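To start, the structure itself, in structure tokens.
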Amino acid sequence: MGMKASNAIATFFKYFVLILVGLIMIYPLLWMVSATFKDNSEIFAGIGLWIKNPTLEGYRNALNNFGGSINILQAMLNTYSYVLPKVICTVVSSCIAAYGFGRFDFPGRKILFSIMLATLFLPQVVLNVPQFLLYTKFGWVNSPFYLAIWVHCAFATETYFVYQLVQFMRNVPRDLDEAAAIDGCNSFQTLYKVIVPMLMPALVSCALFQFMWSCNDFMGPLLYVQTPAKYPMSLFVKLSMDGDTGFAWNRILALSLISILPQLIVFFCAQDQFVEGISAGAVKG
Amino acid sequence: MSKAISRRDFLKVTGAVGAAGLLAACGGSSNSTAASSTASSAAAAESVAGLSTDPVTLTMSWWGGESRHNAYQDAIKAFSAEHSNITVNPTFAAWSGWEDTMSTKFAGGVAEDVCQINWNWLYNYSGNGQTFIDLNSVTDYLDLTQWDDAKLGACNVANAQQCVPISMTGRIFYWNMTTFNKAGITEVPKTLDDLMNAGKTFKEKLGDDYYPLHLGAYDRMILMVFYLESKYGKDWADPTTSTLNYTADEIAEGIDFIKSLVDGHVIMPLPTYYGANGDGATHQSNEWITGKIAGIFEWDSAASKYQDALDEDNKAGFTVGEEIKFGDYNGGFSKVSMGMAITKTCKNPAEAATLIEYLWNGDGAAIMGSECGVPASKAGLATAQAAGKINDLVAEANDKVMSFVSCQLDPLFESSDLKATGTGVYQEVFDTVDYDNASGADVVDTLLDGMSAVGYNV
Chain Z
1 MGMKASNAIA TFFKYFVLIL VGLIMIYPLL WMVSATFKDN SEIFAGIGLW IKNPTLEGYR
61 NALNNFGGSI NILQAMLNTY SYVLPKVICT VVSSCIAAYG FGRFDFPGRK ILFSIMLATL
121 FLPQVVLNVP QFLLYTKFGW VNSPFYLAIW VHCAFATETY FVYQLVQFMR NVPRDLDEAA
181 AIDGCNSFQT LYKVIVPMLM PALVSCALFQ FMWSCNDFMG PLLYVQTPAK YPMSLFVKLS
241 MDGDTGFAWN RILALSLISI LPQLIVFFCA QDQFVEGISA GAVKG
Chain B
1 MSKAISRRDF LKVTGAVGAA GLLAACGGSS NSTAASSTAS SAAAAESVAG LSTDPVTLTM
61 SWWGGESRHN AYQDAIKAFS AEHSNITVNP TFAAWSGWED TMSTKFAGGV AEDVCQINWN
121 WLYNYSGNGQ TFIDLNSVTD YLDLTQWDDA KLGACNVANA QQCVPISMTG RIFYWNMTTF
181 NKAGITEVPK TLDDLMNAGK TFKEKLGDDY YPLHLGAYDR MILMVFYLES KYGKDWADPT
241 TSTLNYTADE IAEGIDFIKS LVDGHVIMPL PTYYGANGDG ATHQSNEWIT GKIAGIFEWD
301 SAASKYQDAL DEDNKAGFTV GEEIKFGDYN GGFSKVSMGM AITKTCKNPA EAATLIEYLW
361 NGDGAAIMGS ECGVPASKAG LATAQAAGKI NDLVAEANDK VMSFVSCQLD PLFESSDLKA
421 TGTGVYQEVF DTVDYDNASG ADVVDTLLDG MSAVGYNV
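Protein sequences, first through last, are from chains Z and B.
Numbered according to full-length UniProt numbering, the first sequence spans residues 1 to 285.
Numbered according to full-length UniProt numbering, the second sequence spans residues 1 to 458.
If you want it as structure tokens, here you go:
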């Protein structure tokens, strides 16, 4: 058997395994798409993709509004009206906080950093009541601008991202800071002219993670948004899910599919930067 | 040690911080069960300020599905048309996460003026009457006589009428007669013997895959209590003191009764069910949809959910069964399915009471229909029936349950530590019976320990 033939066989098997695993990974998503065209009994009858009695009920009902107060389009607009400020605030504030921890030696830095990391281990459930009481005092609950949901992000409260950025910043040589200083940059100029461009992949992955998490956040809006007309997608999708009397799954799945489309688009647009971002910290000299 | 904080120290500190936080969170919810079922505090209740002619804004909250959201909103619109100075701002969502949200709001004192509540919330969040007002103070606006004393009594906690029951619910059998007919059985099972014979016939005629009934772990617990109550004629536990009324021997007998159903091929063994469905609900299981499981023991309100789930061949056979008398007494309990309460933070209790009156005793009942179950209010039920808004299937099931059951439910029975899927004590007990072929005597202590841990006097 020549070299060429064995190469071809190896390539065939590589692709075979990759395609097989790829199919397994994407199957749930494909199933979800096909299930939007099935009715309840068919959905629970099996896990096949084939649709016996295709129906568009799911999509038709997805456009229903609830007593005229909220519909799918409004819900999507509502979602992005707090997700965008949340993402921007998170990236900016986390970057500044990480810069502080990563580049400056100030008294108590280590202990402050440890305390900050400790907050990473506090489950959200524990924070719900005190946060709710605080925001009630501020008058931010049910605020038309969703203040209770995103304002805290402007103060680097997303510890995970601060931690991630500090790790990335270690890879940016300090020589660059010094060179910038020699060229006359002050601390802030060093940050946004030198370090931020180097950190771009990491910042994009922070933004993307925060974007996905915020879009999927359910408990936050459920607590802080009380006017149905201001409900975001995460609440809207679940509005018709009544365990007592049952509900049509095809509609829930159709709604879910529509609601993840923007996320998928954003993900694919930012994919290159994102993948680079997650792997950049993996190999450190 | 050169570094300021070692990794181990760091983990210790964070662990301690986390644990302290969790403890604080748990301590917050009072589980007091001080309660009284006497509805005699009318005299003690202070009266409230009268109806205002100025514009008044009320807030209101409920959970549910789409049709309930629509019904409530229509009813509110009709209410505002009648009372032009009262504006009602609603907030609503599905059940999941709703209790967490509401408990947070109760704790913060910012819950809505009028709330649709779950019965055990009275004990969990207002055990001392700290959250909801005594509705006896608003009897000028809300006619409490439309509810039977027994139903009102169940909502009387800490000597205050904290809510009115919207609807009552209980468990009943539903049968898929398509499958029963295939097995040659034409009548719904009415006695224990019918049930045992059905098990035998199913096995012989239809094969090992077909069962006349399926009971999950929690369903088994409810049916066991049903059986014991039929046999001994006493409540499972005292609703006010949570003292268990049954001895270990009696309970072991109840568990053995369930075991006899499994052994007699009446109900599907849990390992078989889990093997195919995990902890998925019965109406979503292939066995129910295709008729291999031909019966369930469920809430009266669940009728349409189970009927709708059946495939085309089986849908027509769905039948509301009869309660089965296992002993000398009518066993089984009914419970308040949901209630409606006014919070203490409400600034306009008179208007809030007027809204409740409209929804459940007045014209609103015609709009609400059976969206929240068959109305417990007499006037409300009459109005809804006259409007033809009661789902026939649910009404039939509700009627059969209410005319049969005789016992009361205690608020601890539904504690999540006991009934939770996967981690609850009920499931642990009945899983052990099926997996280890254990007898009632083997597992009764597990049940009693679990029950005393949530506050029962065993």
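In this text, a Cβ means the ideal position worked out from N, Cα and C, and glycines have one as well.
Here the structure is a predicted model, which is why all the values come from computation and not from measurement.
Exercise. By a C-beta neighbour count over all protein chains shown, 10 Å radius and 16 as the cutoff for buried, is Glu312(B) buried or exposed?
Worked result: exposed
Exercise. Does the beta-carbon distance from Asn181(B) to Asn314(B) come in below 8 Å?
Worked result: Contact flag unset, no.
Problem set entry | Glu112(B) versus Phe132(B) - alpha carbon distance | 11 Å
For this session: With DSSP as the reference, please indicate the residues paired to Gln116(B) in a beta bridge.
Result: Met340(B)
For this session: Go to Asn176(B), then tell me how far its alpha helix (DSSP H) extends in each direction, as first and last residue.
Result: Asn176(B) -> not in any alpha helix (DSSP H); beta strand (DSSP E) instead, spanning Val164 to Asn176.
Exercise. So which residues on chain B does Leu239(Z) lean against when the C-beta distance must stay under 7 Å?
Worked result: Ordered by position in chain B, the residues that pass the 7 Å Cβ test against Leu239(Z) are Glu66, His69, Ala93 and Ala94.
Exercise. Measuring CB to CB, does Thr201(B) end up less than 8 Å from Ile185(B)?
Worked result: yes
Exercise. Is it a yes or a no for the stretch 168 to 187 of chain Z touching the stretch 39 to 50 of chain Z, going by three-plus beta-carbon pairs under 8 Å?
Worked result: no
Exercise. Would Val110(B) count as contacting chain Z if we go by Cβ distances under 8 Å?
Worked result: yes
Exercise. Would DSSP call Glu323(B) helix, strand or coil?
Worked result: coil
Exercise. Could you give the C-beta distance for Ala302(B) and Glu287(B), rounded to a whole number, given that I count them as a contact under 8 Å?
Worked result: With a Cβ gap of about 17 Å, Ala302(B) and Glu287(B) do not count as contacting.
Exercise. DSSP on Tyr456(B), reduced to helix/strand/coil?
Worked result: Shown here, Tyr456(B) sits in coil according to DSSP, grouped into three states, outside any helix or strand.
For this session: Run the proximity test for Phe138(Z): is its beta-carbon closer than 7 Å to any non-hydrogen atom belonging to the ligand MN?
Result: The ligand MN is absent from the structure shown, which contains no ligands of any kind.
Problem set entry | 7 Å Cβ shell around Trp31(Z) - same chain, five flanking residues per side excluded | Ile47 and Leu49
For this session: Would you list the residues sitting across from Tyr211(B) in a DSSP beta bridge?
Result: Ile293(B)
Problem set entry | Proximal residues, the stretch 324 to 344 of chain B versus chain Z, C-beta separation under 7 Å | none
For this session: Return the residue from the list Lys292(B), Asp256(B), Phe257(B) and Ile255(B) that minimises the CA-CA distance to Thr272(B).
Result: Lys292(B)
Problem set entry | Coarse secondary structure for Gly264(B), derived from DSSP in three states | coil
For this session: Give me the Cβ distance between Ala202(Z) and Thr36(Z), rounded to the nearest whole Å; I'm assuming they're in contact under 8 Å.
Result: Rounded, the Cβ-Cβ distance is 36 Å, inconsistent with contact.
For this session: Measure the CB-CB distance between His283(B) and Gly58(Z) and report whether it falls below 8 Å.
Result: no
Exercise. Can Lys231(B) and Phe326(B) be called in contact, C-beta distance under 8 Å?
Worked result: Yes.
Exercise. Hey, Gly129(B) and Pro212(B): beta-carbon distance below 8 Å or not?
Worked result: No, they are not a contact pair.
Exercise. Using a Cβ-Cβ cut-off of 8 Å (strictly less than) and excluding sequence neighbours within five positions of Gln189(Z), which residues of its own chain qualify?
Worked result: Ala180
Exercise. Name the chain Z residues whose beta carbon is nearer than 7 Å to that of Ile289(B)?
Worked result: Ser41, Phe44 and Ala45
Exercise. Alpha carbon to alpha carbon, how far is Met102(B) from Phe132(Z)?
Worked result: 11 Å
Problem set entry | Contacts that Pro90(B) makes with chain Z (C-beta to C-beta distance below 8 Å) | For Pro90(B), the neighbours in chain Z by C-beta distance under 8 Å run, in chain order, Pro228.
Exercise. Taking 8 Å as the CB-CB limit, is His214(B) close to chain Z?
Worked result: no
Problem set entry | Check whether Val394(B) and Ser370(B) have beta carbons under 8 Å apart | yes
For this session: Note down, in chain order, all residues in the stretch 237 to 261 of chain Z with a beta-carbon under 7 Å from any beta-carbon belonging to chain B.
Result: Lys238, Leu239, Ser240, Met241, Asp242, Gly243, Asp244, Thr245, Gly246 and Phe247
For this session: Report yes or no: do three or more beta-carbon pairs, one from the stretch 261 to 272 of chain Z and one from the stretch 107 to 114 of chain Z, lie closer than 8 Å?
Result: no
For this session: Measure from the C-beta of Phe218(Z) to each C-beta in chain B and report whether the shortest distance is under 8 Å.
Result: Output row for Phe218(Z): interface = yes.
Exercise. Can you find a C-beta in chain Z that's less than 8 Å from the C-beta of Ser80(B)?
Worked result: Chain Z, which has no Cβ nearer than 8 Å to the Cβ of Ser80(B), makes this no.
Exercise. Cα-Cα, which of Asp148(B), Glu351(B), Ile324(B) and Gly127(B) is closest to Leu51(B)?
Worked result: Glu351(B)
Exercise. Considering only C-alpha positions, which residue in the set Trp95(B), Tyr141(B) and Trp236(B) is nearest to Gln408(B)?
Worked result: Trp236(B)
Problem set entry | Neighbour flag for Thr11(Z) against chain B, beta carbons, 8 Å | no
For this session: Please report how far the alpha carbon of Met212(Z) lies from the alpha carbon of Thr383(B), in whole angstroms.
Result: Answer to the nearest angstrom: the Cα atoms are 48 Å apart.
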